[in-house]
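Residue numbers (the numbering used here), protein chains in the order written: chain A, 31 to 306; chain B, 31 to 306; chain C, 31 to 306; chain D, 31 to 306. Beta carbons: idealized from backbone N, C-alpha and C, even for Gly. Note that this is a predicted model, so its numbers are computed, not measured.
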């Protein structure tokens, strides 16, 4: 059974409240006997500090203070270590997070007792022009740099040219990302247990365009006619130039989330679905 | 390698043309050295006849004359035998079929040489009120019996009640069925290699309703408030009473289709997607 | 200013509660000095009775007890008289209704004081095979008689053949009907002040199909390849055979609703839209 | 009857082909007896030149060489003069344009004979923070400046706050614009004869969000939480800062297009709809 010893603590640095909650999390973990390492950008003085880039290899699990965006950022930076993440939610929505501020004490105590389970979410590996650009937990978006100006992209599956489309862009999402940007763009809700890539066009000027779900074993490739007019966005956070073909395949890495009993469908019902 | 010896021939009995093509198929197969068994409802006299229900256990493969509907019907009746099917297309659309009338001679010759490959499509197993109702290759639809009068259904996943919805109905499709009724109802295109169940509401009076993709390992259950006001339709062909909960799970059976080199994405591009 | 003298009372006859509320409405109207006429199918003995078909020409306004369905039925039967309707809502949804049971006393008192306003909703005139079939307040639906079996329809605008589509059917809605079946089928929300016809396909097997909004001055016509396989449904209530072309034009009649200050956008916000 | 005497000629200056076609148009008009004024940015020497900004008040009609984008630009610059426009299409799509290069001679000859009709398209008047920003023929888009980063907007109708939505943005389109960006974003097709404003959210992170059609008599207002994170785009061409509330109302101006018999529904069928 997985029993973490060393806990990393990180969070949003632009919110005073996040820093205060991080301090409280450190104390709670300390009291429960965990060794605590703090993200040095948080500026918390009492505990050993570490750069977030190195946190993945130093700790057994990470507690993130913020929301889904914080989890996405941390998961991307520490992707290769697959360190389990417990997301503390400071905001309203929070579909990936598991606890709110009021549940912190109980949560840390359950961590110490090993009273939790791990949920795995497969990631996508991104390459741009042949160069490895790490993993996406939610989605890779190829999008016009100039809002409201269409680009024309070509979509290939395992080297087969499937179609070209004029659109704002296109995204390739994981099931985890199916309830994020892909959902806004008309994509289906896909549970994380189904390992697949969801290809969702963004405002396509083409009436036949539809979201498409392919195996993660496929190599999904996107080319843009004028690459300098488009950019690549990973997990809604990191922006890159479109220097060649964007290639998306199954990553060897998964994200791991600590859950205290909540299931995917329970969270889906609570956050998205209305009981009519 | 799979080399069929005994070929079953069936097709639409309501089209004179289908019967004539079936006769031609019989002769072509005969000449190539196959043993031929004909569906007795076709009324073709020269070859040994068999009831379609028994064809599955008597033959190594089946040639269907008609369109996708014919394939769906034959696949359902012979489901447990998983006999490879070659679909001859007499109509316009034909996404599951592989050859047209003009390609018949070449096709039978390739069958004889073993020059083809098999494509597998996982099916869904249906139960209504606990009673086994066979397999669906495309979808199971729970729908109002009275067109334009809504029903209210409850959707459960592995026993967890996820939501209720007022709608014309709801369908649970395989990836194979994702380009049929589910697509009309707004569901995503899903390639058959992704084993999953696609849950697509039919004209839901609920703005949050979205198509949902879950693992085929899930037990998807649908209950209707007034079951006598709804019915169950399998593969758009067979109508059943809604005598209790409709339960949909992975079937142990697959459909097998004979392909002469065409791939799923090639057929998708040809039939559905426009090159812009 | 419009001051009603004679009030007709009608409602659902299949709900005991509706009949009791109708009795209470009669007494309240009586006390406020209105002359009261009761729908004879309600079986209320103390007041003069009238057949609903004749109510329109005998009364100055009608109070309906039930929900939107009751209003649709009454509005259709009394269409040519354009009698103002006050809808009492017994159910949950009620977008056309204006008061609930608890607001009845106040409502009747305001009727007596003339303290209300009238909201007009343009209707559509239906013809089938040239024969006049009255008005629709919400929509006319041409739909397959056999659930889940597609029909093929041809859509013409002012005699110009615009397109053919395989689908479950198609509906032509008023703006009033834009928040009913048309919305479920993917149509836009249209405020009643915009006089137009909304053409919404039902589960079209055609990726280009989109909802379309045309002027009510247009003659929208729908033909079906096999008319005996389809039927016509008016306002989700009345079923008719498809004996020829269905023609839909602006009706000379409007529905009139009594409102106590609520506006369309207030009701829309309350019933459909979430404040995020 | 409208008989133009003075013809303005303008077009894309970034395409050599457009300039050559413009020269040919000038000669054809000259020969047919029209007085010709050329947009000075085209650099054509033989005819009197005028700045496009002043062309509207100097000419009776304008011939544009390019595509729909060229028409949109010219119509916006000359909006107050409502000069009839004949669009010459150099590209592929062209829904507003009327003739291609090969039809030029015949077209100019028909202009000279008065053998054409005028089609009017109502525009929307835009204000940002109270300041008049001219007219839109297609749409006004309020959109995130940072692609793939949502903004939160508040939508008001005649001062009534209807809803807030997290999204890429939102657009308000004319019926003319209903087949442009609004269609890509899921809006309905609306024929120009229906005077209305179409409000279409762009990738809303809100499952209830739907396109909405309101009377052009309404004042549609859009506010954004962080205006510096958004921008305003008019007709997909002109970018402005979001300095306050964006207000959209009916413009007093219409665009006028010269048509040689083609109707809206004929063009719609040819460009968008498939005959199934």
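Residue range of the alpha helix (DSSP H) that includes residue 214/C
For residue 214/C, the enclosing alpha helix (DSSP H) begins and ends at 211-214.
Endpoints, the alpha helix (DSSP H) within which residue 102/A is located:
Its alpha helix (DSSP H) spans residues 98-107.
Which runs of the beta strand (DSSP E) at least 3 residues long sit entirely within the segment 110-189 of chain C? Give them in chain order.
Complete beta strand (DSSP E) runs here, min 3: 115-119, 147-158, 161-166, 169-174 and 181-187.
On the three-state DSSP scale, how would you describe residue 268/D?
Residue state, collapsed to three classes: strand.
Range of the contiguous beta strand (DSSP E) that encloses residue 203/A
Here the beta strand (DSSP E) through residue 203/A covers 199-203.
Report the start-end ranges of each alpha helix (DSSP H) in the segment 36-102 of chain B that is 4 residues or longer and not cut off at the edges.
Within the segment 36-102 of chain B, the complete alpha helix (DSSP H) runs of at least 4 residues are 46-61 and 82-88.
In chain order, what residues of the same chain have a beta carbon less than 8 Å from the beta carbon of residue 194/C, not counting five sequence neighbours either side?
Counting only Cβ-Cβ distances below 8 Å, and skipping sequence neighbours, we find 182, 183, 184 and 185.
Based on the DSSP secondary-structure assignment, which residues constitute the bridge partners of residue 221/A?
The partner list for residue 221/A (beta bridge, DSSP) is empty, contrary to what the question assumes.
Rounded distance between the beta-carbons of residue 237/A and residue 136/C, thought under 8 Å:
Taking the Cβ atoms as the reference, residue 136/C lies roughly 50 Å from residue 237/A, outside the contact range of under 8 Å.
Residue 287/A: first and last residue of the uninterrupted beta strand (DSSP E) it sits in:
Per DSSP, residue 287/A belongs to the beta strand (DSSP E) from 276-289.
Below 8 Å, can you find three or more Cβ-Cβ pairs linking the segment 121-134 of chain B to the segment 244-252 of chain B?
They do not touch, by the three-pair rule.
With DSSP as the reference, identify every bridge partner of residue 239/D, one or two as the case may be.
Residue 239/D pairs with nothing; no bridge assigned.
Against chain B, with Cβ distances strictly below 8 Å, would residue 238/D count as a contact?
Closer than 8 Å to some Cβ of chain B, the Cβ of residue 238/D qualifies, so yes.
Please check if any C-beta of chain A sits within less than 8 Å of the C-beta of residue 299/B.
Put simply, the CB of residue 299/B is near chain A, with a gap under 8 Å to one of its CB atoms.
Could you check how far apart the C-beta atoms of residue 106/B and residue 165/B are, in whole angstroms? I think they sit under 8 Å.
The C-beta distance from residue 106/B to residue 165/B rounds to 6 Å, short enough to meet the 8 Å contact threshold.
Quick check on the burial criterion: 16 or more other C-beta atoms within 10 angstroms. Buried or exposed for residue 233/B?
Classification of residue 233/B: buried, given that the 10 Å Cβ count is 16 or more.
Between the Cα of residue 63/A and those of 177/A, 36/A, 231/A and 291/A, spot the shortest distance and give me the residue it belongs to.
Distances from the alpha-carbon of residue 63/A to those of 177/A, 36/A, 231/A and 291/A put 36/A closest.
Within 9 Å of chain C by C-beta, residues of the segment 118-131 of chain D in sequence order:
Within the segment 118-131 of chain D, no residue has its Cβ closer than 9 Å to any Cβ of chain C.
Any beta carbon of chain D sitting closer than 8 Å to that of residue 217/C?
Output row for residue 217/C: interface = yes.
Within 10 Å of its beta-carbon, does residue 153/A have 16 or more other beta-carbons around it, so buried, or fewer, so exposed?
If you draw a 10 Å sphere on the C-beta of residue 153/A, you find 16 or more other C-beta atoms in it, and that means buried.
Nearest neighbour of residue 204/D, chosen from 283/D, 89/D and 178/D [CA to CA]:
Minimum Cα-Cα distance from residue 204/D among the listed residues 283/D, 89/D and 178/D corresponds to 283/D.
Interface partners of residue 52/C on chain B, CB under 9 Å
Residues of chain B passing the Cβ test: none, with the nearest at roughly 25 Å.
Using 8 Å as the limit for Cβ to Cβ distance, is residue 158/B near chain A?
So no, residue 158/B is outside the interface.
Using alpha carbons as the reference points, say which of 124/D, 77/D, 116/D and 231/D lies closest to residue 150/D.
It is 116/D whose Cα lies nearest to the Cα of residue 150/D.
Using a beta-carbon distance cut-off of less than 7 Å, what residues from the segment 226-258 of chain A approach chain D?
Listed in sequence order: 232, 233, 234, 235 and 237.
Mind the definition here: the segment 160-178 of chain C touches the segment 209-229 of chain D only if three or more C-beta pairs lie below 8 Å; say whether that holds.
No, the segment 160-178 of chain C is not in contact with the segment 209-229 of chain D.
Residue 196/A versus 231/A, 170/A and 146/A, residue with shortest Cα-Cα distance
Residue 196/A has its Cα closest to that of 231/A, out of 231/A, 170/A and 146/A.
Please return the same chain residues whose Cβ sits closer than 6 Å to the Cβ of residue 273/C, not counting the five positions on each side in sequence.
Cβ within range, chain order: 158 and 159.
Taking 8 Å as the threshold (C-beta atoms), are residue 222/B and residue 294/B in contact?
Against a cut-off of 8 Å, the Cβ pair of residue 222/B and residue 294/B comes out as a contact.
Is there a Cβ of chain D sitting closer than 8 Å to that of residue 224/C, yes or no?
Answer yes: the Cβ-Cβ gap between residue 224/C and chain D drops below 8 Å somewhere.
Assuming contact is defined by CB atoms lying nearer than 8 Å, are residue 224/C and residue 224/D in contact in what I supplied?
Taking 8 Å as the Cβ cut-off, residue 224/C and residue 224/D qualify as a contacting pair.
Neighbour flag for residue 166/C against chain B, beta carbons, 8 Å:
Answer no: the Cβ-Cβ gap between residue 166/C and chain B never drops below 8 Å.
Using the beta-carbon of each residue, which ones in chain A are nearer than 8 Å to residue 192/B?
Within chain A, the residues near residue 192/B are 295, 298, 299 and 303.
Rounded to whole angstroms, what's the CA-CA distance from residue 96/A to residue 256/D? Just pull it up for me.
Cα to Cα, the separation comes out at about 20 Å.
Length of the line joining the Cα atoms of residue 144/A and residue 45/A
Taking C-alpha positions only, residue 144/A is separated from residue 45/A by approximately 30 Å.
Which residue marks the beginning of the beta strand (DSSP E) containing residue 232/D, and which one marks its end?
That run of the beta strand (DSSP E) goes 226-232.
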